[in-house]
Ligand SMILES: [Zn+2]
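In our numbering, the protein residues as written are 944 to 1159.
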C-alpha cells in the first residue's frame, strides 16, 4: 500500500465546518500549523522547544493530562514560549471503548489541568488516535467546543526511520494552511524537523499555532 501524508478519512472529516472540526488553517497564507501530540516529555520536549525557538516557529501542543500532572513545569515552559496548549485527553485511552460520559470526563479533567497552566478555560481537543464517534461530535457541537484535527500526517509514529519520512515529505510537500500531525514522545519528529524546518522556511512557510478556543 502506498503511504501518503493525506489519509483518506481526513477527506471525510474535511466535510465538517472548520468551526467544529478544524482540519486546516488559512489556505490563503503560506503558514504551516505544526502540532505535537502526547507530551510533555522530559527528554524530548526541551530540545523540541529549542529547535522551534531557533526558527521562530510557534506550534500547538496537544498535551496528555497525566503527563501535565507529572511535568507541570514543562507544560508551563511550552505556554511561556508562546505555543498554544491543546487537550489530548487525560490518560490517552482508546476512546471507542469508553462511554460518552467517560470521554467527556477525560476532556474536562485535562481542561482543568491546562487551565492551571495557561489560564484558558477551554482548549482545542484532539481525540487519542483521532477516534471520533458521532456522539462525541454532537457533544462538542452542543458545548460549542472545537476538535483540533489535522490535514497532513507526518507519520512520525509509524516506526519508519527519519530519512524515509523526510523523503516522504519531499515527495508530498505540505501546502498553505496545512495542520501537520507530529508527536512529542520520541526523537523521530526532532530528527525530521531538523531537516524539514529550514527547508520549509526556504519554501516560504512560517509556523503558527492554530486558533485558540474560547477566551482566556
Ligand atoms: Zn496521541
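Cβ coordinates follow ideal geometry from the N, Cα and C atoms, glycine included. As the structure is a computational prediction, the values presented were derived from the model and not from experiment.
When C-beta atoms of the stretch 1138-1145 are compared with those of the stretch 991-1009, three or more pairs fall below 8 Å, so the two segments count as touching. Residue 1126 is bridged by DSSP to 980. In the three-state reduction of the DSSP assignment, residue 1138 falls in the helix class, which pools H, G and I. If you compare the alpha carbons of 970, 1043, 1100, 1031 with that of residue 1068, the shortest gap goes to 1031. Non-local C-beta neighbours of residue 1008 in its own chain, meaning closer than 6 Å and more than five positions away in sequence, comprise 1033, 1052, 1053, 1056, ordered along the chain.
Relative to the Cα of residue 1005, the nearest Cα in the group 1131, 1025, 1132, 1124 belongs to 1124. Annotation: the continuous alpha helix (DSSP H) that includes residue 1080 extends over 1077-1085. Annotation: the stretch 1023-1100 contains the following complete segments of the beta strand (DSSP E) (minimum length 3 residues), in chain order: 1027-1030.
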